[in-house]
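Residues in the sequence shown are numbered consecutively from 172, following my numbering. Before any comments, here is the structure.
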Amino acid sequence: MGLFIGIFAAMWVVSIGAWWLITRASRSAELDRMKSRLLGNPKSKKRKAAKQGPALIAPEDKTTGRLVLHLLQRYNLTERAQTLLEQAGLKWRPARLAHGCMASFLLGYAVSWYMAPVEFRPFVFLPALGAGALPLLYVLRVRKKRLRRFEEIFPESLEFVARSMRAGHAFSVSLEMIHREFQEPLAGEFRRTFEEHNLGLPLDMALLKLAKRVPSLDVHFFVSAVLLQKRTGGNLAEILDKLAYVIRERFKLRGKIRAISAHGRMTGLALTCIPLVVALLMFYVNPDYVRFFIADSTGRIMMGVAIGLQLLGYAIIRKIVSIEV
């Protein structure tokens, strides 16, 4: 009898405890639902964002490379790096460019330290600096190639805008039609200009931003002509036709000048590379001869003066053969 009463009491206690736990869980679930209704559930927001697709404007990532971003902002290099990457057409962030330069510098330093003799190890930072500049040189090369391609097809786009305006289209509609008729990078830049104007930005500001993204004298001529015509009036189609003719003639003249000055550029490059090649050959053929320029104080002075004069001569030759049209 006592055993039966004990079992009954234990079952009663377990039932009361289970009922209390279920009631508490339901109340907490109800509170969670109320909080999610009032404050919004982050999980549901993530699911909705995943269903809706990517956002129209991607938020700026301020967590990746926080130290590098702080250093870039301290020396006012963030905006310059971002402008350079935009002009190159690369979807990089300034932190990625800085990380690439740092990684290339460390790799070049490690390789130079491993390959150089003991007495040359204090100077391994020189090839490391060259290796660290490789990502930046790559960005500059891509930027130069992209701007050159833009300038090649830019006169045709001006003539296209002039023809569309003669056909009765508005100037903004002609800009919108360019990205469907032409290739990159011109199509992407004009599409961005049209979308900025279509979203409410004044046409003057959209064109000025185009001139800032594409640092070309031809684009500045185009923006100035459009803004001047908007203020004073006139036949914009005829202005664009004449501007396209002038740009095409400038492009031809620039090509002739580059062909004539090619000999001077090759001469400057050869005169700069010959001493470097001879120094590398002497480093492997007769290391004792090269060691004089490292171990002796007079040799170090001579090497510094020689490098400075070599760089000065290359800069003078580049200045002579660089002719702006």
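A virtual CB, placed ideally from N, CA and C, is assigned to each residue, including glycine.
Runs of alpha helix (DSSP H) with 4 or more residues, each lying fully within the stretch 236–287, are found at 237–245, 249–259, 265–286, listed in chain order.
Between the stretch 274–282 and the stretch 296–309, the count of Cβ pairs shorter than 8 Å is three or higher; the stretches touch. In the structure shown, the three-state DSSP call for Ala302 is helix. Less than 8 Å divides the Cβ of Gln258 from the Cβ of Pro386. In the structure shown, the three-state DSSP call for Asp467 is coil. Taking C-beta separations shorter than 6 Å and ignoring five residues to either side along the sequence, the partners of Val394 in its chain run Leu378, Ala382, following chain order. Comparing alpha carbon positions, the residue from Gly279, Leu329, Lys427, His350 closest to Phe392 is Leu329. In this structure, Val397 lies near Leu407, with their beta-carbon atoms less than 8 Å apart.
Its chain contains no residue whose beta carbon lies nearer than 6 Å to that of Leu447 once the 5 sequence neighbours on both sides are disregarded.
It is roughly 14 Å from the alpha-carbon of Pro356 to the alpha-carbon of Leu346. DSSP, read as helix, strand or coil, puts Ile428 in helix. DSSP places Ala441 in the helix class (H, G or I) of the three-state scheme. Under the three-pair Cβ rule at 8 Å, the stretch 331–348 counts as touching the stretch 364–378.
The continuous alpha helix (DSSP H) containing Phe342 extends over residues 342–352. Just so you know, the alpha carbons of Thr438 and Glu360 end up roughly 37 Å apart.
The beta-carbon distance between Ala477 and Val461, rounded to whole angstroms, is 13 Å. This is too long to meet the 8 Å contact definition. Distance check between Glu290 and each of Trp263, Arg320, Phe464, Ile428 places Phe464 closest, using alpha-carbon atoms only. Judged by DSSP in its simplified three-state form, Asn457 adopts coil rather than helix or strand. The beta-carbon separation of Pro288 and Ile418, rounded to 55 Å, does not stay under the 8 Å limit for a contact.
With a threshold of 16 other beta carbon atoms within 10 Å, Arg317 meets it and is buried. Within the stretch 354–387, the runs of alpha helix (DSSP H) that reach at least 4 residues and sit entirely inside it are, in chain order, 357–369, 374–384. Between the alpha carbons of Phe296 and Thr469 lies a gap of roughly 21 Å. Each of Ile431, Tyr455, Val456, Gln481 was checked against the Cα of Ala441, and the nearest Cα belongs to Gln481. Assigned with DSSP and collapsed to three states, Ile494 falls in coil, not helix or strand.
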